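J.:
Chains as they are written, first to last, in the numbering used here: chain A, 6 to 385; chain B, 6 to 385; chain C, 6 to 385; chain D, 6 to 385.
(1) Hey, does residue 76 (chain C) have any beta-carbon neighbour from chain A nearer than 8 Å?
(2) For residue 38 (chain C), which residues of its own chain have a beta-carbon under 6 Å away from its beta-carbon, when the five flanking residues on both sides are left out?
(3) Measuring only between beta-carbons, confirm whether residue 237 (chain C) sits less than 8 Å from chain A.
(4) From residue 371 (chain A) to residue 301 (chain A), what does the alpha carbon distance come to, in whole angstroms?
(5) Closer than 8 Å by beta-carbon distance: list the chain D residues that pair up with residue 147 (chain C), in chain order.
(6) Taking only beta carbons into account, state which residues of the stretch 85-99 of chain D come closer than 7 Å to chain B, listed in chain order.
(7) By a C-beta neighbour count over all protein chains shown, 10 Å radius and 16 as the cutoff for buried, is residue 98 (chain B) buried or exposed?
(8) How about residue 364 (chain C): is its C-beta nearer than 8 Å to some C-beta of chain D?
(9) I need the straight-line Cα distance from residue 45 (chain A) to residue 66 (chain C), nearest angstrom please.
(10) Report the rounded CA-to-CA distance for residue 2 (chain A) versus residue 333 (chain A), giving the unit in angstroms.
(11) With 8 Å set as the bound, which would you pick, yes or no: does the beta-carbon of residue 329 (chain B) sit closer than that to a beta-carbon of chain A?
(12) Between residue 233 (chain A) and chain C, is there a C-beta pair that is closer than 8 Å?
(13) According to DSSP, is residue 49 (chain D) helix, strand or coil?
(14) Taking C-alpha atoms, which residue in C:159, C:293, C:80 lies nearest to residue 114 (chain C)?
(15) Roughly how many angstroms separate the alpha carbons of residue 34 (chain D) and residue 75 (chain B), rounded to a whole number?
(16) With 8 Å set as the bound, which would you pick, yes or no: does the beta-carbon of residue 205 (chain C) sit closer than that to a beta-carbon of chain D?
(17) Give me whichever residues DSSP pairs with residue 2 (chain D) in a beta bridge.
(18) Does the beta carbon of residue 213 (chain D) sit closer than 8 Å to a beta carbon anywhere in chain B?
(19) Quick one: list the residues of chain B neighbouring residue 55 (chain A), beta-carbon separation under 7 Å, in chain order.
(20) To which residues of the same chain is residue 285 (chain B) closer than 6 Å at the C-beta, ignoring the five residues directly before and after it?
(21) Just by C-beta distance, which residues in the stretch 120-138 of chain A are closer than 7 Å to chain B?
(22) Can a CB atom of chain B be found closer than 8 Å to the CB of residue 360 (chain A)?
(23) Count the CB pairs spanning the stretch 117-134 of chain A and the stretch 180-200 of chain A that are closer than 8 Å, and state whether there are at least three.
(24) Going by C-alpha distance, which of D:298, D:293, D:127 is nearest residue 182 (chain D)?
(25) Any idea which residues DSSP pairs residue 304 (chain B) with across the strands?
(26) Can you have a look at residue 381 (chain A) and say buried or exposed, based on whether 16 or more other CB atoms are within 10 angstroms of its CB?
(27) Over the uninterrupted alpha helix (DSSP H) stretch that includes residue 254 (chain A), give me the two end residues.
(28) Thinking C-beta only, is residue 353 (chain C) closer than 8 Å to residue 329 (chain C)?
(29) With distances taken from CA atoms, which of D:322, D:316, D:270 is nearest residue 297 (chain D)?
(30) Based on the DSSP secondary-structure assignment, which residues constitute the bridge partners of residue 103 (chain B)?
(31) Using C-beta distances below 6 Å, list every residue in its chain close to residue 53 (chain C), excluding the 5 sequence neighbours before and after it, in chain order.
(32) Bridge partners of residue 309 (chain D), per DSSP?
(33) Who are the neighbours of residue 193 (chain B) on chain A, taking C-beta pairs under 7 Å?
(34) Counting only Cβ-Cβ distances shorter than 9 Å, please list the residues of the stretch 236-262 of chain D near chain C, keeping chain order.
Structural data, given as structure tokens:
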């Protein structure tokens with residue numbers, strides 16, 4: 006069985022489709038689902054510079070946005086693009102950019118500025134293998150950059166990791182919602198393979214309920230009110246500290262209210278695989294095969310990488326299980342798993358299995374690692 | 006007592022001065038010590054764009070490099086600068102760039118390219134408060150960006166955090182050494198206050214012993230050998246995976262051989278403060294005051310942020326101590342402390358105390374937090 | 006009498022208002038008239054970077070284009086802007102950029118590319134004093150750059166110089182028409198003072214009659230036709246020569262068909278002032294005063310700087326007149342006047358009077374120069 | 006006979022080799038001769054971005070400057086390069102940049118700034134065919150851009166056009182001399198074919214005699230004098246006018262003192278070919294062939310394009326000759342020929358013959374045009 010064959014339908018996740026949606030399913034690539042979801046979310050403006058493997062997003066939007074009177078701009082660099090996002094977000098527009106790994110690195114200064122200025126926007130990273138130019142094949146090697154703030158200054162932002170084309174659509178809409186709800190940049194962190202994968206998608210209506218008014222935009226006062234100011238510069242340390250405590254409080258609120266994950270047969274599991282995105286859905290196929298063979302195995306798939314789904318681990322902790330973290334990188338999320346277990350007062354063993362540079366692990370491969378873990382893991 | 010007054014002499018650290026060095030002490034700012042150390046380390050070329058509070062570095066080098074026949078170039082942007090570093094490093098030169106937080110974000114793509122291409126260079130970040138433009142005052146808010154790879158692709162590089170002007174000099178030289186030893190970018194991660202602080206420095210000779218020959222440079226073959234290739238693009242995933250395993254092996258070697266830290270009165274300590282850089286030296290003053298008052302308190306000051314000094318924690322672990330992590334940020338290194346304790350099989354309580362946005366904690370303030378911790382922490 | 010007071014209404018010029026136009030007059034600045042005319046000409050997209058004294062143009066368009074579903078983009082540099090113009094023109098859009106002198110210099114490479122690729126667009130230069138940063142006050146110091154091709158490669162393009170706010174509107178529309186008619190960039194060359202001057206404008210309908218179909222655009226073939234190619238690279242010299250002969254033939258056609266000028270009381274004039282733009286209208290006031298005093302003086306005001314209005318000189322040549330060329334620069338158009346007289350077989354004396362660096366000559370000042378010329382010029 | 010075969014040795018020109026120079030001849034390409042001459046002229050710093058057909062210049066300098074302790078920097082764009090030139094010139098260094106046509110267009114803003122700030126530097130344009138990307142083959146299509154100021158603001162600078170590799174060397178040195186003598190940018194305007202042509206060169210010593218002291222540089226006052234200011238911004242029009250009159254006076258001085266040309270058998274000529282650079286040397290071969298056939302033909306080859314060699318025309322004017330202007334463009338210098346004849350009170354007929362897009366005319370071709378001219382030109 007190949008990795009591609011292992012890609013089956015996933016059950017509905019926490020933010021599943023609203024029943025009664027009358028949109029029929031459409032067959033789309035992951036990248037296209039992201040683009041169409043952005044349009045349905047009411048994106049006003051999109052700014053980006055092309056890079057494989059995410060170019061299907063601007064290609065789709067270049068065709069579909071202008072007829073709707075929306076602004077599609079291919080900027081002359083990734084840096085231009087993110088700063089155009091900064092400007093448009095400051096004017097109150099619903100705005101998005103997208104890129105792949107090297108291009109996302111170029112945006113780090115801009116993202117930090119947007120985070121500092123508390124502006125809503127959606128950034129999409131369709132990850133490819135790195136470091137450097139690396140490969141155009143998909144990977145998960147940008148986990149750290151995504152969740153620890155590749156940019157300076159220690160800001161946090163919601164990071165969502167889809168595992169299906171349906172989730173590409175749903176989480177894009179969620180990112181727009183969270184952006185406005187928290188006045189924050191949000192990151193959709195997909196991987197290149199998912200971006201190129203075709204599946205049926207059913208679009209749900211955008212949920213704009215309860216969003217705060219955008220009374221902070223800089224769109225001209227026409228002499229009728231005091232000017233708003235959108236900036237990220239606060240020279241005096243006590244003032245900047247107060248500002249940063251506001252940002253920390255928002256992050257804490259996200260940690261309380263925005264954790265998202267999928268748990269699959271974890272209740273009685275003796276070993277829990279932790280994997281996100283594409284690796285998560287492959288691991289699920291491995292779990293199904295292992296269960297069929299009588300192994301007590303489960304899957305915990307983080308959907309929100311930030312906030313990290315501590316609550317998903319809470320019911321599992323302190324029960325002497327084993328954890329196997331599977332990533333398409335050299336071991337990044339595994340650190341958050343260990344830290345989370347530490348916070349839950351739990352020293353259950355954690356093993357890491359990774360493939361690098363765009364290589365996708367197969368379900369069989371993961372299953373073999375699990376079997377080996379069981380063999381070794383009789384005692385900690 | 007103010008934070009500035011708390012800045013006392015620190016005991017010798019692991020890479021202390023070579024006895025018999027005949028250079029007398031000179032009074033320098035932290036930034037100047039970094040610059041002078043780079044010159045004594047034999048830096049061939051320096052490329053950067055100005056930004057406060059690190060501009061003393063280019064100012065010093067602009068004056069002192071050209072008379073030595075060395076290349077000083079003010080590039081037209083941070084991105085130009087890091088790519089000039091990339092080119093010069095590929096030609097085998099000893100090369101450096103420096104910036105402060107927003108400028109370092111702009112360099113993230115370039116750093117990832119240099120890491121992928123396995124080129125030696127030294128990057129200096131004289132951290133200021135963020136996110137965004139933030140303030141020009143010093144901070145430690147770039148810990149994550151520094152050690153988790155602000156750039157894409159999950160590379161690792163040695164990250165050294167000085168706490169004194171003497172260490173600014175010593176660790177700059179060490180960064181040049183490690184760069185060549187491991188063929189890797191290295192990061193000197195100072196904070197803005199340290200960069201502006203005056204202290205006596207005694208320069209040691211650069212240690213070039215045992216460095217591998219640079220037989221991989223692209224300096225022209227003159228038809229006498231096969232051309233070398235310096236690049237970070239490896240399209241086929243199995244080849245990139247093999248390459249990335251080489252990078253991981255180098256990181257593992259760094260973790261075995263390059264951990265650096267300062268331990269101060271930790272042996273019998275019931276509470277250990279963990280703090281790096283400027284915060285570390287302030288915490289040391291707090292420890293001295295607390296010890297004078299009969300409190301069993303110690304300090305573990307990571308000098309290498311990557312590799313994180315797990316070995317410094319090893320003798321302390323599993324002895325039912327408490328840890329207080331103090332940072333000038335919202336809580337970043339504290340995650341590595343927790344993960345490290347988890348790896349050491351230890352669930353000792355960890356508390357975080359942070360100041361943000363350029364505010365510097367005083368020794369009294371830290372001492373108060375410690376006293377409060379003791380009061381609360383009678384039992385876990 | 007001041008220069009400002011000298012600004013009177015000018016008689017209708019060659020491309021005067023269509024009778025029966027039902028638009029009433031509106032009071033606008035020159036820059037706003039250009040912007041509004043662009044909108045009425047059906048501009049689809051505008052790309053620019055701000056610079057004084059032309060920023061009223063993007064300010065006006067930023068407000069009025071988006072509600073019409075038109076693309077207004079502030080690029081991140083003048084170079085980005087002109088290359089966005091290049092791209093949008095290649096896709097068949099009606100497109101414009103604007104800047105002031107230093108910004109126009111930055112666009113020279115892009116303009117040459119657009120000329121080489123034979124794409125229609127409108128470039129507006131609201132001239133300020135130079136060279137270098139110079140001043141923000143208006144000047145005519147970019148005549149050479151405008152008409153001799155500031156860019157490389159010897160291309161030609163129509164260059165129109167308005168003298169009134171009405172002409173700002175009319176000639177903007179004409180530039181859009183000529184751009185499409187000849188598949189060429191066109192330049193509206195106004196000066197900074199005119200751009201800031203308020204006058205009544207009456208907008209005429211855009212004349213799109215007889216424009217060729219845009220069958221050369223690169224907008225996607227959808228598999229139904231052979232792809233078009235828009236480029237300026239033609240490596241083989243014989244092919245490039247053939248291409249350049251096409252460009253020369255277009256320039257020759259412009260010289261036959263697109264000369265525009267205003268003649269005022271030249272028939273019996275013994276001295277003819279030649280002046281364009283703002284200087285032209287000031288000179289006209291001087292002519293009126295001199296005529297009132299019995300001096301036989303006239304004005305020839307070039308409206309098209311390229312093609313230079315040779316036909317305006319033709320009826321005057323070989324009649325032993327004198328010419329006084331007045332410019333707000335050090336003497337640029339005067340060279341074209343001399344060359345034109347040479348081509349007409351005429352050696353009538355030509356004198357130059359110029360003010361520099363943003364200084365505006367007054368009508369009195371010009372009149373004095375004329376009187377002095379008469380005194381000296383009894384014999385050649 | 007081909008154009009290449011027509012390239013013979015030219016007689017000594019006005020700035021001919023100093024007798025007694027002990028440097029033997031060396032065989033070099035035109036580009037290399039420019040580079041070597043720059044080194045011998047004492048160039049301190051060179052900044053550029055590669056483009057065909059001038060890349061031999063940076064290639065040569067990249068090898069030879071660093072061992073001399075000189076600064077060679079490949080900038081990240083042409084715009085970076087010219088602004089680095091601006092900065093280094095302001096610090097009093099002898100400095101050069103080079104490019105080919107599109108790259109020179111990108112430098113126009115920077116050149117105007119340097120001219121406005123009155124800074125000495127040498128700019129080399131190894132012209133290729135345009136407009137746009139055009140071809141990499143040589144041309145003379147940038148005459149207008151070179152002599153009429155491609156940049157805004159109407160500045161003038163010395164423009165020298167070599168016809169031999171020897172002149173490539175000599176005129177490069179002259180450009181450095183004139184730059185310092187007049188505090189001005191200077192332009193060496195070669196064409197791509199000459200840049201790639203191999204000939205013997207004999208280097209003469211750099212003539213630094215009589216150059217003014219550089220007391221205006223911004224190199225730090227160390228508290229001992231008032232700071233110098235290097236800038237091109239002068240906001241108030243009367244002050245900018247005064248400044249621009251200084252620039253005009255310098256240009257007038259150049260016109261009096263720096264005209265350079267070659268006259269070949271013009272004394273009794275009934276037809277004078279006017280051609281510069283490569284076209285000039287080809288025309289000379291044509292003249293030799295025509296003289297051998299009994300035709301009274303001569304050559305006037307402008308070496309300084311600005312100042313235009315009016316004095317070369319003075320002895321020829323008003324003698325009822327014919328002029329044939331030959332250029333590798335669509336007719337640019339011909340305008341200056343006509344204007345010059347007008348200024349000399351002369352209406353002798355002027356004909357133009359041009360090849361475009363990188364096509365080089367042969368001597369036979371030029372001779373044929375001359376014969377046809379004689380046939381037609383019996384009467385004016």
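Just so you know, even glycine gets a beta-carbon here, dropped at the ideal spot from N, CA and C. These numbers were taken from a predicted model, which means no experiment stands behind them.
T.: Reading off the structure:
(1) Position 71 of the third chain, counted from the start, is the residue given in the question as residue 76 (chain C). Yes, its Cβ sits closer than 8 Å to a Cβ of chain A.
(2) Stepping through the third chain from its first residue, residue 38 (chain C) is reached at position 33. Taken in chain order, the residues that qualify are 170, 173, 174, 206.
(3) One-based indexing of the third chain puts residue 237 (chain C) at position 232. No - not a single Cβ of chain A is within 8 Å of the one on residue 237 (chain C).
(4) For the purposes of this step, residue 371 (chain A) is taken as the residue at position 366 of the first chain. For the purposes of this step, residue 301 (chain A) is taken as the residue at position 296 of the first chain. Approximately 14 Å between the Cα atoms of the pair.
(5) Indexing the third chain from 1 puts residue 147 (chain C) at position 142. The answer, in chain order, is 157, 158, 159.
(6) 85, 88
(7) Position 93 of the second chain holds residue 98 (chain B). Classification of residue 98 (chain B): buried, given that the 10 Å Cβ count is 16 or more.
(8) The count along the third chain starts at 1 and reaches residue 364 (chain C) at position 359. Residue 364 (chain C) counts as touching chain D.
(9) Taking the first residue of the first chain as 1, we reach residue 45 (chain A) at position 40. Taking the first residue of the third chain as 1, we reach residue 66 (chain C) at position 61. Roughly 28 Å separates the two Cα atoms.
(10) Here chain A comprises residues numbered 6 to 385, so residue 2 (chain A) is not present and cannot be evaluated.
(11) Indexing the second chain from 1 puts residue 329 (chain B) at position 324. No, its Cβ sits nowhere closer than 8 Å to a Cβ of chain A.
(12) Here residue 233 (chain A) refers to the residue found at position 228 when the first chain is read from its first residue. So, not an interface residue.
(13) One-based indexing of the fourth chain puts residue 49 (chain D) at position 44. Three-state result, residue 49 (chain D): coil.
(14) Translated into the one-based positions of the third chain, residue 114 (chain C) becomes position 109. The candidate whose alpha carbon is nearest that of residue 114 (chain C) is C:159.
(15) Mapped onto the fourth chain, residue 34 (chain D) falls at position 29. Mapped onto the second chain, residue 75 (chain B) falls at position 70. Taking the straight line from one Cα to the other gives about 30 Å.
(16) The residue given as residue 205 (chain C) occupies position 200 in the third chain. For residue 205 (chain C), the answer is no, since every Cβ of chain D falls outside 8 Å of its Cβ.
(17) What the structure shows of chain D is the stretch from 6 to 385, and residue 2 (chain D) is not part of that stretch, so it cannot be assessed.
(18) Numbered from 1 along the fourth chain, position 208 holds the residue referred to as residue 213 (chain D). Chain B, which has no Cβ nearer than 8 Å to the Cβ of residue 213 (chain D), makes this no.
(19) Translated into positions along the first chain, residue 55 (chain A) becomes position 50. Going along chain B, no residue has its Cβ under 7 Å from residue 55 (chain A), so there is no contact; the nearest lies around 15 Å.
(20) Within the second chain, residue 285 (chain B) is the residue found at index 280, counting from 1. So the qualifying residues of the chain are 168, 306.
(21) 120, 121, 122, 134, 135, 136, 137, 138
(22) Sequence index remark: in the first chain, residue 360 (chain A) carries index 355 (1-based). At least one chain B Cβ lies under 8 Å of residue 360 (chain A).
(23) yes
(24) What you label residue 182 (chain D) is simply residue 177 of the fourth chain in a count that begins at 1. Comparing Cα-Cα distances from residue 182 (chain D) to each of D:298, D:293, D:127, the minimum goes to D:127.
(25) By one-based count along the second chain, residue 304 (chain B) stands at place 299. DSSP, once it has assigned bridges, lists B:269, B:278 as partnering residue 304 (chain B).
(26) Against the first chain, residue 381 (chain A) aligns to sequence position 376. Residue 381 (chain A) is exposed by the Cβ-count criterion.
(27) To locate residue 254 (chain A), count along the first chain from 1; it is residue 249. Start and end: 242-262.
(28) On the third chain, position 324 is the one that residue 329 (chain C) refers to. On the third chain, position 348 is the one that residue 353 (chain C) refers to. Not closer than 8 Å, so no.
(29) Residue numbering aside, residue 297 (chain D) sits at position 292 when the fourth chain is read from its first letter. Comparing Cα positions, the closest option is D:270.
(30) Here residue 103 (chain B) is taken as the residue at index 98 of the second chain, counted from 1. Bridge partners of residue 103 (chain B): B:129.
(31) Numbered from 1 along the third chain, position 48 holds the residue referred to as residue 53 (chain C). 63, 86, 102, 103.
(32) Against the fourth chain, residue 309 (chain D) aligns to sequence position 304. Residue 309 (chain D) is bridged to D:165.
(33) Position 188 of the second chain, counting from 1, holds the residue named residue 193 (chain B). Simply none; closest approach about 15 Å.
(34) 236, 237, 238, 239, 240, 241, 242, 243, 244, 245, 246, 247, 248, 249, 250, 252, 253, 256
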